[in-house]
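Protein chains in written order, with the numbering used here: chain A, 1 to 276; chain B, 277 to 575. Working notes, structure below.
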Amino acid sequence: MRRPRVREKRPATFYLLASLMGLYLLFLYGPMIIIYILSFQGPDGGVTFPMVGFSTKWFLDILKPKQMADIPSSFSRSMLLSSLVCILTVVMSVAAGLGFRRRFPGAAVLFYLAIASLVMPSLLVGFGIGLGFQFLDLPQGLFTSALGAQLTWTLPFGLLTMFAVVARFNRSYEEAATDLGASPFQRLRWITLPILLPGIVGVAVGAFTLSYDEYARTTLVIGSKNTLPLEIYALISSDSTPELFAIGTVTTVVSFALILAMLALVLRLQRRRTQG
Amino acid sequence: MITATLGEKKAHARRRRAWLVSWMQVGPMAAVLLLLFALPTLLFLVVSFFDYDRVGIYPAFILDNYRDLLTTPATWRIYLSTMRFAVMAWAITLVLGFYIALFLVFHIRSAKTRMILFMACAVPFWTSGIIRTIAWIPFLGRNGAFNTILMKMHLTDRPLEFLLFSDFSVMVTYIHLYTLLMMAPIANSMAKIDKNLIEAARDCGASRFQIVRHIIIPLSRTGIALGSILVFTQVIGDYFVVKRMSGGQSASIVSALSTEIQAMQYPPAAASAVVLVIFVGILVAGIMRVVDVRQELAR
């Protein structure tokens, strides 16, 4: 006879910690929700409450190129750069993650190099790269110095994520494939990569969003044409209208859409796996 | 005898081949990090010994940049002020991050709820830090939401001025931005703890406090170390939040440095960059000495 599972009574600490969690989430989302609301401020309203009417004026303002800032073109520049950073980070991190499964001479050096690149104060990375480009007389730009500066930020994150992904990977699948006569390439293409795919999607979205929001490493090496965060940065000191909040709302929507798409994709991959 | 050495040779060759495969796999990342991180770092180390004047910089080997930097009282003041922020942010995010991780890992029973709550904490991290920083301005301002609520509730009859453009708002922003960096590694460590250990401790009569004190804290030390490294280095490397949220009242190590860079005074900027790198390096190495992060990450 099966005994019905008795639910253990919650201890008092549960309720204490649950309220802490609730307060933390309120703290996390409260201020952001306020700027989302304020971005719908009426045309005569200011940057604080009360709301003076309701309009989408500030969102339409974003589309108008101005002297101080050109949000639409910086947005497309950011998208382009982030896509490239994302692709490069995925390829290099997945390869390196697989490489790190074996012990090899130099593994510790490379690991500490990645950690150092991660903890290095961001502005200094840009400073160093900027100096290098100046000494070599190379032109700084979106797809040269800025791309490089962002990779020093996304690659360590990609590598650490891959460590976690690879640690959960059961190598007997690979051994079974080899025993059944798969070539190394077939094994990688049909066994290893499909199993690691949800983790790889995670690396891709992580790399994209980190690059899309990056400003501290990029600011000194961007050249003449800004990415979106740098354009926003420039706008903050000159502009004090709700347009800033509207920009914030739009970029947050972009980030959220991306994260939700990733979650949906990962869930689908997992469901297909459990069914198949 | 001969077959043994032959076998040895074969094994050796096979190991060599395996190394070669690994080197090819990590090669692209190693190349990028060497070229765009290690080399530029060496470069500003070299430039820190250069001479400069208003017109340009000149290759030399002088220690003047370091002497000027270390003998200026302002340098020490800025380091002290940044360290004060860093220690405070570390302590608060540690307590907050630890208890939230504890709640998620040990108190939430359904894996789905845990996943949803964790995502709720993590998602803002993937959105713009600049936007999350300025989001506090309409909340904490003189006519901001928080003051309005306080006045409506008659808790105060005039708006609190210290909320915005002060050390307080800088601190609030740090906690908002970086608690996840502490919480996620700790939760990751906690998730690896065998639940039977907790059961066993409870059967032996350990109280909840004792379980946390003697089992959970020691076993999540990797996460605590990793989180501490991330929070410390982020706060020390910050220049935007301090500039924006203190209303120009506080400076940070890096904001002072960026002023020098903008003035094109590269040698002194490089010298203070080197000092900062050494400072961060000692800090991180100190934490990594206590806990072997690499060993435990690979687990």
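By construction, the Cβ of each residue, glycine as well, lies at the ideal position given by its N, Cα and C atoms.
Open item on the list: Against chain A, which members of the stretch 309–326 of chain B pass a CB distance test of less than 7 Å?
Closed with: For the stretch 309–326 of chain B, which is checked against every Cβ of chain A, the residues closer than 7 Å are L309, L312, F313, A314, L315, P316, T317, L319, F320, V323.
Task: Residue-chain proximity (B:S404, chain A), Cβ-Cβ < 8 Å - done: yes
- [ ] Please check if any C-beta of chain B sits within less than 8 Å of the C-beta of A:D213.
- [x] yes
Task: Cβ-based neighbour list, B:M391, same chain, cut-off 7 Å, excluding 5 preceding and 5 following - done: none
TODO: Closer than 7 Å by beta-carbon distance: list the chain A residues that pair up with B:Y515, in chain order.
DONE: Against B:Y515, the close residues of chain A are L123, in the order they occur along the chain (beta-carbon pairs closer than 7 Å).
Open item on the list: So, at 7 Å on beta carbons, what are the nonlocal neighbours of A:L210 in its own chain, with the 5 sequence-adjacent residues on each side left out?
Closed with: If you ignore the 5 residues before and after A:L210, its C-beta comes within less than 7 Å of the C-beta of W153, T154, F157, all in its own chain and listed in chain order.
- [ ] For B:N472, count neighbouring C-beta atoms within 10 Å of its own C-beta (all shown protein chains included) and say buried if the count is 16 or more, exposed if not.
- [x] exposed
- [ ] Name the residue from B:E284, B:M300, B:D327, B:I413 whose alpha carbon lies nearest to the alpha carbon of A:M353.
- [x] Residue coverage of chain A in this structure runs from 1 to 276, which leaves residue 353 of chain A outside it and unanswerable.
Open item on the list: Beta-carbon within less than 7 Å of B:I529's beta-carbon, same chain only, minus the 5 sequence neighbours each way: which residues are those?
Closed with: I354, Y355, T358, I512, L552
TODO: Would you please verify whether the beta carbon of A:R273 is less than 8 Å from any beta carbon of chain B?
DONE: no
- [ ] Inspect the beta-carbon positions of B:I487 and B:A476 and report whether they are closer than 8 Å.
- [x] no
Task: Test: A:S39 CB closer than 8 Å to a CB of chain B - done: Judged by the 8 Å Cβ criterion, A:S39 is not in contact with chain B.
- [ ] Just the C-alpha distance for A:R272 and A:L265, rounded to the nearest angstrom, thanks.
- [x] 11 Å
Task: Inside the stretch 427–486 of chain B only - alpha helix (DSSP H) runs reaching at least 4 residues - done: Within the stretch 427–486 of chain B, the complete alpha helix (DSSP H) runs of at least 4 residues are 443–467, 471–479.
Task: B:S496 and B:M466 closer than 8 Å at C-beta - done: yes
Task: Cutoff 8 Å; reference A:L123; Cβ partners in own chain excluding five residues on either side - done: A216, R217, T219, L220
Open item on the list: Can you pull the chain B neighbours of A:S183, defined as C-beta to C-beta under 8 Å?
Closed with: Simply none; closest approach about 14 Å.
Task: Rounded distance between the beta-carbons of B:F516 and B:A362, thought under 8 Å - done: Not really, about 15 Å apart at Cβ, beyond 8 Å.
TODO: Assign A:Y21 to one of two classes, buried (16 or more other C-beta atoms within 10 Å of its C-beta) or exposed (fewer than that).
DONE: The sequence given here places Met at residue 21 of chain A; Tyr does not occur at that position. By the 10 Å Cβ count, A:M21 comes out buried.
TODO: Could you tell me whether any Cβ in chain A is nearer than 8 Å to the Cβ of B:P435?
DONE: no
Task: Minimum Cβ-Cβ distance from A:R102 to chain B less than 8 Å - done: Cβ-Cβ to chain B under 8 Å: yes for A:R102.
Task: 8 Å Cβ cutoff, A:L131 in contact with chain B - done: yes
Open item on the list: I need the straight-line Cα distance from B:K468 to B:A387, nearest angstrom please.
Closed with: 14 Å
Task: DSSP beta-bridge partners of B:D327 - done: B:Y334
TODO: Compute the beta-carbon to beta-carbon distance between A:I129 and B:L312, rounded to the nearest angstrom, for a pair I have assumed lies under 8 Å.
DONE: That pair is a contact at about 6 Å.
Task: Below-8 Å beta-carbon distance, A:I35 vs any chain B residue - done: yes
- [ ] Using a cut-off of 9 Å between C-beta atoms, extract the partners of A:S78 located in chain B.
- [x] Near A:S78 there are no residues of chain B at all, since even the closest Cβ is about 11 Å away, more than 9 Å.
Task: Proximal chain A residues relative to B:H452, where beta-carbon distance stays under 8 Å - done: F27, L28, P31
Task: Whole-angstrom C-beta distance between A:S82 and A:Y212, which should lie under 8 Å - done: 4 Å
TODO: Anything in chain B within Cβ reach of A:G128, meaning under 7 Å, just list it in chain order.
DONE: Within chain B, P316, T317, L319, F320 have C-beta atoms less than 7 Å from the C-beta of A:G128, given in sequence order.
Task: First and last residue of the uninterrupted alpha helix (DSSP H) at B:S408 - done: One point to set straight first is that residue 408 of chain B is Arg, not Ser, in the sequence displayed. Looking at the DSSP string, the run of the alpha helix (DSSP H) that includes B:R408 is 405–410.
Task: When A:G202, A:M120, A:L193, A:A234 are compared against B:D514, the one with the closest alpha-carbon - done: A:M120
Open item on the list: Quick check: A:F256 and A:L38, are their CB atoms within less than 8 Å of each other?
Closed with: no
Task: Listed by chain order, chain B residues near A:S117 by CB distance under 7 Å - done: L309, F313
Task: Per-residue contacts from B:G420 into chain A (C-beta, under 9 Å) - done: By Cβ distance, chain A contributes I34, T48, F49.
Open item on the list: Less than 8 Å between CB atoms is the rule here; does B:L393 satisfy it with respect to chain A?
Closed with: yes
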